[in-house]
Amino acid sequence: GPVMVFDTACSSSIVALHVARRSLQHFDAAQGLVLGVNLVLVPSAAHVGPAATGMLSVMGRCHTFDERADGYLRGEGCCATSIIAGVDVMLGSAAKHNGQSATFTALNGSSQQAVIHASLQDARAPLVATLEAHGTGTS
């Protein structure tokens, strides 16, 4: 099957999972292995850009989905998941660019609504049991 690398800032792993799921749907592969790693190898350099653009939280907390959201915090993480055609329990997925926003880090409500709607349509499920969201706390 296909081998790909994604760099979509802090949503790379979830975009990779979406693309892997689509590869299974389109019979490009029988199974998928999605790995995501974020390492801050040079801490001072990793914070310069986000700090200069006002993307880091001055309160030291993300406050995701909260009106107090003023930015995000840097962190390290690693995750891997395997998906297999025919055993896939992820019924739907969608990915979308934020589109035009007031600022670089501002949310775009209509774009977010559109991607959630697209994911639910893709799932063709009458009831929703679980939602996974990417929420950084940017404002």
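Numbers 1 to 139, taken from the numbering used here, label the letters of the sequence shown in order.
All residues carry an ideal CB built from backbone N, CA and C; glycine is no exception.
Note that the coordinates shown come from a computational prediction; the quantities given were computed from them, not determined experimentally.
Contact check for residue 58 and residue 49: beta-carbon distance about 16 Å, past the 8 Å limit, so the pair fails to qualify.
Under DSSP, residue 35 shares a beta bridge with 80. Residue environment: residue 89 is assigned as exposed (fewer than 16 neighbouring CB atoms within 10 Å of its CB, all protein chains considered).
Looking from the CA of residue 130, the closest CA among 91, 38, 15 belongs to 91.
Residue 55 counts as buried, since at least 16 other C-beta atoms from the protein chains shown sit within 10 angstroms of its C-beta. Residue 107 carries a coil assignment under DSSP once its states are collapsed to helix, strand and coil. Taking C-alpha positions only, residue 73 is separated from residue 10 by approximately 11 Å.
When beta bridges are read from the DSSP output, residue 56 appears opposite 72. Judged by beta-carbon spacing, residue 23 lies within the 8 Å limit of residue 29, meaning their Cβ atoms are closer than that value. With respect to residue 119, residue 21 sits apart: the two C-beta atoms are not nearer than 8 Å.
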